[in-house]
């Protein structure tokens, strides 16, 4: 065998050995942050429809500090979210570790009865408008693609899950269409997306300049997957904030934990006996 043929064969062997390395190092469509964000948003929207069919308990804890870092306000509350006419309703049941009683209990019951009466009157079309959706706060996930540029922050591990971290930074020259969009342009967002089913496990929004909250404030959300249904349910939110109130800067921390999730058929209606139609 001539030296030329030997060199060609060795080159072929080397190139074949290199193929797996090249395959691993070549970015796949799945690794494209823009495409991944689009799929994650679609998964969030689809999951939201399923998550709305659960009742749950919310434990709320808010702390405000004074200028010296000492606790000035320390409040807790417990809420139950139930369905009235197929629409979720957040009802306070405890305040600072004690069940509501007296005037507070009567006021809460009055609000609940008013909500029931209102929702019996509104039709199905009105229920789906933003005015009647309690959980729509700030911009929707669908706005992310228009307002932010997505880049990859690499792979990580979160509670035993392999995730891809996406970093969303505001696009330049954006003309906001609402106050919520205007506020979001003061933030940067980090999203940790489970590789297995491309759903966010952790979302962190940080104010990089002063908006509704002041620079340095963060808003975080954590989801957990229900083993039986496969639905992702909100487990915890954490807001660490600095906010302007009159002439003061008020720092604080608000944590909300969600538990006791129970599947609830959306077609079932909660109507107290006292106002059931005869």
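Residue numbers (my numbering): 174 to 451. Backbone N, C-alpha and C fix where the C-beta goes; we use that ideal spot for every residue, glycine too. All of these numbers come straight from a predicted model, not from anything done at the bench.
Coil, strand or helix - residue i by DSSP
{"i": "residue 265", "result": "strand"}
{"i": "residue 199", "result": "Low confidence applies to residue 199: its pLDDT is 35, below 50, so where it sits in the model is not reliable enough to give any reading."}
{"i": "residue 346", "result": "coil"}
{"i": "residue 326", "result": "strand"}
{"i": "residue 371", "result": "coil"}
{"i": "residue 280", "result": "helix"}
{"i": "residue 318", "result": "helix"}
{"i": "residue 437", "result": "coil"}
{"i": "residue 258", "result": "coil"}
{"i": "residue 235", "result": "strand"}
{"i": "residue 253", "result": "strand"}
{"i": "residue 221", "result": "helix"}
{"i": "residue 210", "result": "helix"}
{"i": "residue 271", "result": "strand"}
{"i": "residue 289", "result": "helix"}
{"i": "residue 245", "result": "strand"}
{"i": "residue 338", "result": "strand"}
{"i": "residue 363", "result": "strand"}
{"i": "residue 294", "result": "helix"}
Option in the options with minimal Cα separation from residue i
{"i": "residue 345", "options": "351, 336, 355 and 248", "result": "355"}
{"i": "residue 432", "options": "419, 405, 424 and 420", "result": "405"}
{"i": "residue 436", "options": "266, 408 and 402", "result": "402"}
{"i": "residue 352", "options": "312, 374, 286 and 343", "result": "312"}
{"i": "residue 358", "options": "343, 252 and 368", "result": "343"}
{"i": "residue 278", "options": "252, 427 and 328", "result": "252"}
{"i": "residue 434", "options": "335, 420, 398 and 427", "result": "398"}
{"i": "residue 392", "options": "337, 422, 427 and 421", "result": "427"}
{"i": "residue 204", "options": "429, 430, 315 and 338", "result": "338"}
{"i": "residue 285", "options": "263, 220 and 219", "result": "263"}
{"i": "residue 422", "options": "275, 220, 336 and 240", "result": "240"}
Cβ-Cβ distance between residue i and residue j below 8 Å
{"i": "residue 347", "j": "residue 326", "result": "no"}
{"i": "residue 371", "j": "residue 209", "result": "yes"}
{"i": "residue 410", "j": "residue 379", "result": "no"}
{"i": "residue 365", "j": "residue 214", "result": "no"}
{"i": "residue 249", "j": "residue 269", "result": "yes"}
{"i": "residue 261", "j": "residue 225", "result": "yes"}
{"i": "residue 265", "j": "residue 281", "result": "yes"}
{"i": "residue 217", "j": "residue 424", "result": "no"}
{"i": "residue 289", "j": "residue 257", "result": "yes"}
{"i": "residue 412", "j": "residue 323", "result": "no"}
{"i": "residue 390", "j": "residue 415", "result": "yes"}
{"i": "residue 394", "j": "residue 376", "result": "yes"}
{"i": "residue 408", "j": "residue 420", "result": "no"}
- Do the segment 380 to 394 and the segment 228 to 235 make contact, defined as three or more Cβ pairs closer than 8 Å? no
- Which parts of the segment 394 to 433 are runs of the beta strand (DSSP E), unbroken and 3 residues or longer, counting only runs that do not cross its ends? 405 to 418
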